[in-house]
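Chemist: Residue numbers (UniProt numbering): 1 to 158. Quick reminder that beta carbons are idealized off the backbone N, C-alpha and C, glycines included. Note that the structure is predicted; figures quoted are calculated from it, not measured. Starting off with a structure, shown below.
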């Protein structure tokens with residue numbers, strides 16, 4: 001019987017000299033990714049390191065899985081977690097739930113359209129284990145609270 005394919009959405013970022021963004025995300029030093037473009041998808045994303053523009057051992061490899069749980073405009077207080085200077089035109093992709101692979105593996109991206117700002121599908125090899133990294137903590141963003149259990153007769157004291 002054939003094994004079930006493990007297909008995830010993936011996002012490419014680069015490791016530049018002095019700014020190894022993909023490696024920083026893998027190690028939890030960068031808990032916010034920034035992009036000019038956004039998309040509707042929320043959920044698990046494989047972080048891949050670009051092959052052409054990257055330097056170092058990660059180039060051309062899939063490095064880890066994180067959960068993209070929120071996208072919002074950048075705030076001044078995001079600079080450290082994002083690893084970039086504040087830019088009001090940037091969107092922040094908030095990450096949590098880090099998982100590493102038993103080994104990094106090469107990937108072949110499939111261009112969706114235009115520049116590599118978008119998501120693509122990636123298949124995780126059957127011999128690669130996914131290992132939870134609960135010690136890596138997400139950026140401490142407050143989550144929105146909804147009060148849909150209140151009726152018009154109820155009052156809310158804040």
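Which residue comes first and which comes last in the alpha helix (DSSP H) that contains residue 10?
Modeler: Residue 10 -> not in any alpha helix (DSSP H); beta strand (DSSP E) instead, spanning 6 to 13.
Chemist: Mind reading off the beta-carbon distance from residue 132 to residue 99? Whole number of angstroms is fine, and I expect it under 8 Å.
Modeler: Yes, residue 132 and residue 99 are in contact; Cβ-Cβ is about 5 Å, under 8 Å.
Chemist: Under the rule that 16 or more other beta-carbon atoms within 10 Å means buried, what is residue 23, buried or exposed?
Modeler: The residue is buried, with at least 16 neighbouring Cβ atoms inside 10 Å.
Chemist: With a threshold of 6 Å on Cβ separation, who are the neighbours of residue 78 within its own chain once the five nearest residues in sequence on each side are excluded?
Modeler: These residues qualify, in order along the chain: 32 and 92.
Chemist: What number of angstroms, rounded off, separates the C-alpha of residue 30 from the C-alpha of residue 82?
Modeler: Those two C-alpha atoms are separated by around 6 Å.
Chemist: CB residue 62 to CB residue 101, shorter than 8 Å?
Modeler: Closer than 8 Å, so yes.
Chemist: Leaving aside the five residues before and after residue 124 along the sequence, list all residues of the same chain whose C-beta is less than 6 Å from its C-beta, in chain order.
Modeler: Cβ within range, chain order: 6.
Chemist: Does DSSP put residue 116 in a helix, in a strand, or in coil?
Modeler: The predicted model places residue 116 with a pLDDT of 48, which falls under 50 and marks its position as unreliable, so this point remains unresolved.
Chemist: In whole angstroms, what separates the C-alpha of residue 17 from that of residue 56?
Modeler: If I take the Cα positions, the gap works out to 9 Å.
Chemist: State the CB to CB distance for the pair residue 84 and residue 25, rounded to an integer number of angstroms; the pair is presumed to be in contact (CB under 8 Å).
Modeler: That pair is no contact at about 13 Å.
Chemist: Report the option in 35, 14, 58 and 64 whose CA atom is closest to the CA atom of residue 28.
Modeler: With distances taken between Cα atoms, residue 28 lies closest to 64.
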